[in-house]
Amino acid sequence: MTDAGDKDLLISIRGLGKSFEGRMVLRGVDLDLRRGETLVVVGASGCGKSTLLRSIIGAEGYEPDEGSVKIFGREVARLGEEGLNEVRKRIGVLFQNGALYTSMTVGENVALPLREHSLLDEKIISMMVKMKLELVGLREFEDLMPGQLSGGMQKRAALARATALDPEIIFYDEPTTGLDPIMAGVVIKLIKDLKRFGATGFVITQDMHCAFETADRIALLMEGRVYHSGTPAEFRTTADPVVRQFVDGAPDGPIPLRLARTDYTRDLAGLSKSASGRLRKVEA
Amino acid sequence: MPERSPYDPREILADAGAAGIGAVRTAGGMWLLLRRTARWLGLAAAGRARLPWAAAMDQMARVGVRSLPIVCMVNLFVGMILAVSMADLLRSFNMEPRVAQVVAIAVTRELAALMTGIVMAGYVGAAMAAELGTMTVNEEVMALETSAMNPVRFLVAPRLLAVMAMMPALTVVAYYMGMAGGFIVGTQLLGIGSAQYVEINNSAVAARDVINSLIKAEAFGVIITVVACYQGLTVKGGAAGVGRATTTAVVHSIVLIIAANLFFAMLFNYVLA
Chain A
1 MTDAGDKDLL ISIRGLGKSF EGRMVLRGVD LDLRRGETLV VVGASGCGKS TLLRSIIGAE
61 GYEPDEGSVK IFGREVARLG EEGLNEVRKR IGVLFQNGAL YTSMTVGENV ALPLREHSLL
121 DEKIISMMVK MKLELVGLRE FEDLMPGQLS GGMQKRAALA RATALDPEII FYDEPTTGLD
181 PIMAGVVIKL IKDLKRFGAT GFVITQDMHC AFETADRIAL LMEGRVYHSG TPAEFRTTAD
241 PVVRQFVDGA PDGPIPLRLA RTDYTRDLAG LSKSASGRLR KVEA
Chain B
1001 MPERSPYDPR EILADAGAAG IGAVRTAGGM WLLLRRTARW LGLAAAGRAR LPWAAAMDQM
1061 ARVGVRSLPI VCMVNLFVGM ILAVSMADLL RSFNMEPRVA QVVAIAVTRE LAALMTGIVM
1121 AGYVGAAMAA ELGTMTVNEE VMALETSAMN PVRFLVAPRL LAVMAMMPAL TVVAYYMGMA
1181 GGFIVGTQLL GIGSAQYVEI NNSAVAARDV INSLIKAEAF GVIITVVACY QGLTVKGGAA
1241 GVGRATTTAV VHSIVLIIAA NLFFAMLFNY VLA
């Protein structure tokens, strides 16, 4: 039942399915994350990347409908509050918009996990905060409020907070989205730095540049399944038309531009209804 | 199958059913939140959990100090309204000085706690729902959770503590302001002597009324906090969702406060009389 035999298999997902109000978002995802590697999950917006991430970290409302999600060899759905907290002290999450606590200064944001989960002296905590902030280049911004920082700086401060407890796995939710190219480059460099220091990374992104730069392995998520997974080199050279289209960002290809499933002519004539993909039968 | 008209009785029944399910879900969610918050407060009292005391103090300042002026004003006016509107009736019995008694009893028994509760629902409840709602939308609440920090312990418990500390205090202030309103009208407009007014006023205040209304104030505080925090933590749909949650929080807590007031009126006047 457990993968206790394989200590380096940090995350193992089998047949994960999840739907929201009848809409299937994940339809059987299989993925593994091994210690030391950085796995990048790419996919179009709305393909279920965020849902996948939230299922792994045991967010409320994202419990799997089917399949299993194991982290550190333990089934997430059966961890309970205590177990979840144990697991969560060993991971760090960089949220898409940083999600810094807006009522606290940058320094207090970074200090909070240390104050809560360690018995360290306030002096040592203050030193660690400075070290974490120096790592992301924000040491002199310790006393500012998050609202006074730019988007990219907020993300870097959030990264300092996510790494405060030296987590074994760091999750990155769209780390480069919404950043200018230079700031995106900075964040990518930070991800690589953290990897060099031994952190395992789980990145979800739609930015192929970020994926190629940071990944040991890339998985393409499409229609709620892992369509293809392989090394960045494989992704660069593959002939698979779907992967090609995604990597090259081509508007034409096997992934359709138009997402409506109903017949256009009939829809215009008022004969069918396309709301949420439901097709109303038309009486003869 | 042709689409049914929205006025079809079956559609109306279905909508009513959905609304009913929603109401039960909200009530259940709030009850669970109250229980979880009570558990954390209990654990903290037993020394087995740490609460963010600094945050609680900060909330007390926000809840108590900042709403003091508005609570004062509203209750002063309520006292004045009572005195003005009762004066005619009492004059016809030639018992004008009894205005002091009417105001004192009305304020201590019902109006100070009720008006404070309603003012706080609009002032503190709305702010709380908007603040927690924005935090939810910004993923700050999820960030707390994934850092193994329980949002109930971290956000709700200090707020409940602050409101429960401040509601009785504000209610006591409200007594004085209501009575002061009556005093101003009584002595300035109705020509009652100030010594006489104070004497009648003081003899009308009963310890039992004060205790009962402080109990009510605590209950209203619990209602305001739990409703606002529940709405804030369950926000869906971005900025528009925060706006909806804020309005809903105010409406729900005012309705619940008035309903609870009726319940307490029956309890104190009939069951425990």
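Taken in order, these protein sequences are the chains called A and B.
Here the first sequence stands for residues 1 to 284, where the numbers follow the working numbering.
Here the second sequence stands for residues 1001 to 1273, where the numbers follow the working numbering.
Note that beta-carbon positions come from the ideal geometry of N, C-alpha and C, so glycine has one too.
For chain A, find out if any of its Cβ atoms is closer than 9 Å to the Cβ of residue i; answer yes or no.
| i | result |
| --- | --- |
| S1005(B) | no |
| N1201(B) | no |
| A1014(B) | no |
| G1017(B) | no |
| T1037(B) | no |
| M1135(B) | yes |
| A1143(B) | yes |
| T1225(B) | no |
| M1149(B) | yes |
| T1246(B) | no |
| T1146(B) | yes |
| E1140(B) | yes |
Looking only at C-alpha atoms, which of the options sits nearest to residue i?
| i | options | result |
| --- | --- | --- |
| V1173(B) | L1051(B), R1066(B) and V1071(B) | V1071(B) |
| F98(A) | R90(A), G43(A), V187(A) and R266(A) | Before going on, a small fix: residue 98(A) reads as Gly here, not Phe. Out of R90(A), G43(A), V187(A) and R266(A), V187(A) has the C-alpha closest to the C-alpha of G98(A). |
| N1212(B) | R1098(B), T1247(B), I1021(B) and N1269(B) | N1269(B) |
| M1080(B) | T1026(B), F1264(B), G1181(B) and P1158(B) | G1181(B) |
| M1149(B) | S126(A), R139(A) and S118(A) | S118(A) |
| I169(A) | T237(A), K130(A), V93(A) and D143(A) | V93(A) |
| K289(A) | A239(A), F72(A), A211(A) and E66(A) | In the structure displayed, chain A extends from 1 to 284; residue 289(A) sits before or after that span and is not available. |
| F1220(B) | G1232(B), F1263(B), N1075(B) and A1206(B) | F1263(B) |
| Y62(A) | F72(A), I204(A) and K49(A) | K49(A) |
| I204(A) | I255(A), F171(A) and L16(A) | F171(A) |
| V1119(B) | L1068(B), F1093(B), S1194(B) and A1207(B) | L1068(B) |
| K130(A) | R139(A), E122(A), I124(A) and K123(A) | R139(A) |
| D30(A) | D8(A), S68(A) and G46(A) | S68(A) |
| L1033(B) | A1239(B), G1020(B), G1193(B) and T1225(B) | T1225(B) |
| L221(A) | L9(A), L53(A) and R88(A) | L53(A) |
| R14(A) | E75(A), A44(A) and E60(A) | E75(A) |
| I1258(B) | A1245(B), A1130(B), V1163(B) and M1115(B) | M1115(B) |
Could you tell me whether the Cβ of residue i comes closer than 9 Å to any Cβ of chain B?
| i | result |
| --- | --- |
| F72(A) | no |
| V93(A) | yes |
| E122(A) | no |
| Q96(A) | yes |
| P64(A) | no |
| Y172(A) | no |
| R266(A) | no |
| A59(A) | yes |
| T102(A) | yes |
| E86(A) | yes |
| D3(A) | Note that D3(A) scores 46 on pLDDT, short of 50, meaning its location in the model is unreliable; the coordinates nonetheless yield the value given after this. Judged by the 9 Å Cβ criterion, D3(A) is not in contact with chain B. |
| P113(A) | yes |
| E142(A) | no |
| R280(A) | Legend: pLDDT at R280(A) = 43, less than 50; position of this residue unreliable, value from coordinates given subsequently. By this cut-off, R280(A) is an interface position. |
| K89(A) | yes |
| R23(A) | no |
| H228(A) | no |
| E81(A) | yes |
| A99(A) | yes |
Look at the Cβ atom of residue i, then the Cβ atom of residue j, and state whether they are nearer than 9 Å.
| i | j | result |
| --- | --- | --- |
| A1113(B) | N1261(B) | yes |
| L1089(B) | A1228(B) | no |
| I1184(B) | P1097(B) | no |
| V1235(B) | G1241(B) | yes |
| D6(A) | G58(A) | no |
| G1186(B) | A1044(B) | no |
| R1159(B) | V1063(B) | yes |
| Y1197(B) | V1099(B) | yes |
| M1166(B) | M1095(B) | no |
| L194(A) | G201(A) | yes |
| S1253(B) | I1223(B) | yes |
| H209(A) | T176(A) | yes |
| P289(A) | L100(A) | Missing from the structure shown is residue 289(A); chain A here goes from 1 to 284 and no further. |
| Q206(A) | V42(A) | yes |
Check your understanding: Residue ranges of each alpha helix (DSSP H) run of no fewer than 4 residues wholly in the stretch 1166-1228 of chain B, ordered along the chain?
Key -> Those alpha helix (DSSP H) runs which fall completely within the stretch 1166-1228 of chain B and span 4+ residues are 1194-1204.
Check your understanding: Taking one C-beta from the stretch 30-37 of chain A and one from the stretch 80-89 of chain A each time, how about it: are there three or more such pairs within less than 8 Å?
Key -> no
Check your understanding: Is the stretch 19-29 of chain A close to the stretch 142-150 of chain A, with three or more CB pairs under 8 Å?
Key -> no
Review point. Would you call the stretch 98-114 of chain A and the stretch 160-167 of chain A touching, i.e. three or more CB-CB distances under 8 Å?
Key: yes
Point to revise | Touch test, the stretch 38-53 of chain A against the stretch 217-235 of chain A, Cβ-Cβ under 8 Å, three pairs minimum | key: yes
Point to revise | Completely contained alpha helix (DSSP H) runs for the stretch 91-129 of chain A, where each covers 4 or more residues | key: If we require 4 residues or more, the alpha helix (DSSP H) runs fully inside the stretch 91-129 of chain A come out as 106-117.
Practice item. Can you check the stretch 180-258 of chain A for any alpha helix (DSSP H) of at least 4 residues that lies completely inside it and give the ranges in chain order? Key: 181-196, 208-214, 232-237 and 241-248
Review point. Which runs of the beta strand (DSSP E) spanning at least 3 residues fall entirely within the stretch 1028-1067 of chain B, listed in chain order?
Key: none
Check your understanding: Are the stretch 1125-1140 of chain B and the stretch 1101-1117 of chain B in contact at 8 Å, needing three or more beta carbon pairs?
Key -> no
Review point. Which runs of the alpha helix (DSSP H) fall wholly inside the stretch 1060-1136 of chain B and span at least 4 residues, in chain order?
Key: Fully enclosed alpha helix (DSSP H) runs of 4 or longer: 1066-1092, 1099-1106 and 1112-1120.
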